[in-house]
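The working numbering puts the last residue of the sequence shown at 423; the count rises by one with no breaks.
Backbone N, C-alpha and C define an ideal beta-carbon position, used for all residues, glycine too.
Please read the structure below before turning to the comments.
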Amino acid sequence: MPTFGWVQEDAWDRILTATESVPEPSGERAPTFACPFCSRILQTPAEFQAHLSASHHVARPMMLIAGKEPTSSFVLRERVLPSDIVLANVTSASLSIDGISFKKITATELGRALARTNLATVRVRLENAAQKGTTPVTGGYDLSIRVASSAALQAVERAFEEHLNVEGLSVGTVDRFLADPRCAGAASDYATGMAEYALGLLIKERPHGQGITSPLERFREHFGSANLKLSPHNRPLPALLCALMRFALNNFSGAGVPTGHAGLDAATAILRGPSFHGPPIPTSPGGATRRVCPIDHGTSRILLLADRLAGTGRWSSVLQDECRQVAGAGTLDLMDQQKALALWALAAWRLGATRDAIEPLERIAATYPFAEWASSYLEAVSA
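So, in structure tokens, the structure goes:
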């Protein structure tokens with residue numbers, strides 16, 4: 041029998057064989073989690089996560105403009121001061137204007153650069169490398185800056201007067217307004233907001249012969265977009281347009297703030313609800329008035345109803361029938377019908393005809409924003 045390669049067991053091997061014990065097989069050891077930043081060993085993923093959050097937390101870098109963080113589609117329409125630009129959790133920042141290569145700047149330099157820019161597309165990249173040995177946390181903002189001068193805004197308003205504040209408002213007049221040279225440059229965003237107001241009005245009103253095929257609900261999109269563009273401007277015309285759009289969308293948060301349109305101010309204050317205790321409801325000023333913007337027929341009809349009900353001192357079946365006709369008009373937008381119901385209920389209640397207020401209250405008791413007061417009124421009159 042061949043013995044090549046055999047290893048002969050000696051005395052020591054025999055001793056070890058007789059005295060050593062082989063451990064029994066055991067289960068798999070529980071995993072541990074070693075912190076990459078310190079010497080801690082954690083036993084569970086939850087402990088590991090809690091340790092990282094408490095001892096090695098790296099926050100997301102942020103930028104605030106006038107106290108607010110820019111959104112993904114942020115447009116800066118108002119001039120800001122360098123002090124309005126605030127960075128938090130930032131170790132380094134870089135800036136690119138109109139596609140130019142990124143350049144590292146300090147927080148102070150960033151504030152100055154944004155404050156002096158009027159018309160540009162700006163990209164800001166932020167980095168937080170506060171924790172050594174880790175990949176820095178990065179973030180960024182893409183800003184569209186459209187800061188127009190007062191003269192440029194006035195020029196757009198004159199173009200609005202010529203093209204849009206007309207009886208024959210049409211899609212064609214909106215196109216001509218946008219094509220006006222005064223509506224270009226830094227004020228183009230301002231002009232676009234006014235054009236969106238006019239387009240929303242046309243979609244809501246659907247004037248004869250216009251051939252408008254957009255769904256009625258699209259006017260709300262146009263009004264919402266126009267409000268975003270116009271509301272930052274503290275000027276009489278955009279303030280009135282925004283108030284009209286909010287009114288059309290059943291947003292009465294501006295109650296008590298005069299717009300120059302006494303009927304609109306009064307109707308807004310009434311529809312805010314009985315609990316509103318703002319300034320006295322304004323009355324129409326004496327003397328001649330001037331048309332400054334188009335108002336859709338639906339809103340005009342609601343304003344006439346509000347004025348009619350506010351000026352009466354007694355309730356009758358004739359008034360109730362008028363309210364029912366307006367509230368049930370199929371040509372009115374649903375939100376205008378809801379305003380008519382609210383005016384009906386409030387007028388009947390104010391004039392002591394609480395039983396006649398039941399019908400409109402039942403129809404708006406679960407409708408925002410009228411539910412805030414209509415539901416309690418309905419409970420009171422039904423008790």
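By the 16-neighbour rule on beta-carbons within 10 angstroms, residue 378 is buried. When Cβ pairs closer than 8 angstroms are counted between the two stretches, the region 301 to 316 is seen to touch the region 338 to 348, the count reaching three or more. Using a 10 angstroms sphere on the CB of residue 50, the tally of other CB atoms stays under 16, which defines it as exposed. Distance from the Cα of residue 145 is smallest, within the candidate group 154, 135, 139, for 135. Between the alpha carbons of residue 182 and residue 396 lies a gap of roughly 55 angstroms. Every candidate beta strand (DSSP E) stretch fails here, since none sits fully inside the region 190 to 221 while reaching 3 residues.
When rounded, the separation of the alpha-carbon atoms in residue 180 and residue 163 is 7 angstroms. If you draw a straight line from the Cα of residue 279 to the Cα of residue 186, it comes to about 19 angstroms. Here residue 252 is not bridged, per DSSP, to any residue. The straight-line gap separating the alpha-carbon atoms of residue 99 and residue 277 is approximately 43 angstroms. Contact fails between the region 222 to 229 and the region 206 to 213, because fewer than three Cβ pairs, one in each stretch, are under 8 angstroms apart. Annotation for residue 193: 227, 230, 273, 275 place their beta carbon closer than 8 angstroms to its own, counting only its chain and skipping 5 residues before and after. As a beta-bridge residue in DSSP terms, residue 108 pairs with 105.
Note on residue 85: under 16 other CB atoms within 10 angstroms of its CB, so exposed under the neighbour-count rule. At the C-beta level, residue 128 and residue 102 come within 8 angstroms of one another. Around the beta carbon of residue 151, a 10 Å sphere encloses 16 or more other beta carbons of the protein chains shown; the residue is thus reported as buried. With contacts defined by Cβ atoms closer than 8 angstroms, residue 380 and residue 366 form a contacting pair. The beta-carbon distance between residue 263 and residue 339, rounded to whole angstroms, is 11 angstroms. This is too long to meet the 8 angstroms contact definition. Comparing C-alpha distances from residue 189 to each of 130, 79, 363, 222 shows the shortest one belongs to 222.
Excluding its 5 nearest sequence neighbours in each direction, residue 119 has C-beta neighbours in its own chain below 6 angstroms: 187, listed in chain order.
For the set 106, 138, 169, 420, the Cα lying nearest the Cα of residue 97 is the one of 169. Spanning the alpha carbons of residue 376 and residue 389 requires a straight line of approximately 20 angstroms.
For the pair residue 109 and residue 172, the Cα-to-Cα distance works out to about 27 angstroms. Within the DSSP bridge table, the entry for residue 133 names 145, 166 as partners. When the Cα atoms are used, residue 191 and residue 201 turn out to be separated by approximately 15 angstroms. Pairing residue 410 with residue 382 gives a Cβ-Cβ distance under 8 angstroms.
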